[in-house]
Each structure stands twice: as C-alpha cells, then as structure tokens.
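Working notes, beginning with the structure itself.
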Amino acid sequence: QADNGNFASLQSLTDLVNPEDLTTYTNLTEIIAKANNYTILGSDDLMFPDLETLNVGGNYGTTDALNTIDLGNLPSLKKIYVQWSSITSLDTSSNIALNHLQCNNTSITSLDVSSNTALTHMNVMDASLNTITFDNTGGNSNVKFLKCYNNNLSTIDLTGLERLQHLKIQNNNLTTLTTPASNAFGSYQLEHIDCSNNALTHINASAHNSLLKSFNANNNGDLATIDFGDNDLDEITSMQLNNVGVFSVI
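Take any residue in the sequence shown, count from 1 to its spot, add 55: that is its number in the numbering used here.
Structure (structure tokens):
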C-alpha cells in the first residue's frame, strides 16, 4: 500500500487506497488500483506521461465501485483493464499507444476504438455492448484477437480488421456476419471463428481464410447460407453446425 512518502522515482503502484496519493507519483508506469473509485485518473490536473498499464478492475458491487474513469492525459497507455466494474462508458480516443483493452463484465453499451491504431487484443465479454466502432479504412488493421461474446450486438463491421486471427462473437443478436479480407497480410488470417447462438441468416467467409482451423455456428436456427468462396479449408479440424436452419454451403 502507498503512503504520502517521497517516492519521486516510483514506477509501479499496487493496492492504492487514497486517490489523493496519486499526485505524488507522476512517474508511474503501472497502476493497479482495485476496489476504489478513481474518477480523477488522467484529468487535466493529474498527468501520468509514462503510464503504460492501468488495472482498475475487480470492484463491481463494492461501496466505492468504479463508475467513471478519465483516460485523457495518458499518452503512453498500452494496457487498460476495467473488468468486473460498474463502469458504463470508456473513451480511449486519446490513447494512441493502446494495444490491450479488457473491459469484460461491465455496463459499457458502446465502444469506439477507431483512434486506437496499435490495438491488437480486445476483450469485451459479458458486458452490455450494443455497438463497436472500428476504423474500417485500415486504422484498426493490427487487431488480432477480438472477444465480444455475451453482449447485445445486432451488427458489427469487421471490414478493416485485416490481421484478425481469433473471432469470438457468440451469444449476441447478429443476423449477418462478414469476415474481413486478409489478402494484404498473407500470414495473418482468421484461424478461429465462433459465432454460435446468434440470429444469423447468412455468413460470408469468402475472404482469404485458407488458414481457418475451427468454425462454430451452432444454434443459428435461421441460418440459410455460409459462403466460404474459394477457400479450400484444408487446415480446418473442427466444423460445428448443430441446430441450424436448412442451409447451403457455397
């Protein structure tokens, strides 16, 4: 735990008790501060220019449960963890260096990561998510792992996610799904897709996905077509199509 001592060179701080203590440690590169309400992080009067990792998850249902967080003046932030919290929104538009985003088990309803060009891992499971906004002109082409299952998504545009390898989007309300084209980055192709338990009627996986290893579309009762295009699917070891509609694979 931290006190108000003079630790000007301190880089890592865990188990923080009083938010006011943060004003002493502006050289921090890591903060782990669970079960507290830190609405002041990154505010105009409190800057952490070197902070790379921020973990404020794990306080859901506590007296001081985290509801809001300000990431505005954290230019070096690479990893943010706000899982298992009462947070309802998250603005990452100023965090250009961000590569890991984890906000599962929250009350977040929408996320816009179009400014986060370094993002590679995104975990937003078991939240209240209705929309995700990507930069589909290539700004989010570094995303490799996307997990957003157990949400309320009815649509998602993956067009610009050209390096995507793992897609777990099961248990949503999707009616159509189109996988991104990965031709520009030959060694980065979708390997795993789980889109089970949606309301899918059509899946377009005709983009260059010849490295696909597993595909799960179980429990899409109205699924009519799956389009694999010219992909030979020689690498696939698991294809799950239980409880789907009368459909064709083309």
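Yeah, the Cβ is synthetic: ideal placement off N, Cα and C, and Gly gets one too.
DSSP places I211 outside both helix and strand once states are collapsed to three, so it counts as coil.
Nearest to F200 by alpha-carbon distance, out of S149, L156, L255 and V304, is L156. L266 and L109 have their C-alpha atoms some 35 Å from each other.
The residues L153, N154, L156, V168, N195, N197 and V198, in chain order, have a CB closer than 7 Å to that of L174 in the same chain once the five nearest residues on each side in sequence are set aside. Shown here, M177 sits in a strand according to DSSP, grouped into three states. In the displayed model, Y136 falls within a strand according to three-state DSSP. If you draw a straight line from the Cα of V111 to the Cα of R218, it is about 29 Å long. Assignment of I224 by DSSP, reduced to helix, strand and coil, places it in the coil class.
Note that the C-beta distance between L255 and D277 is below 9 Å.
Straight-line spacing of the CA atoms in C158 and N227 works out to 17 Å.
In this structure D289 is exposed. Its beta-carbon is surrounded by fewer than 16 other beta-carbon atoms within 10 angstroms. When secondary structure is reduced to three states using DSSP, L267 falls in the coil class, being assigned neither helix nor strand.
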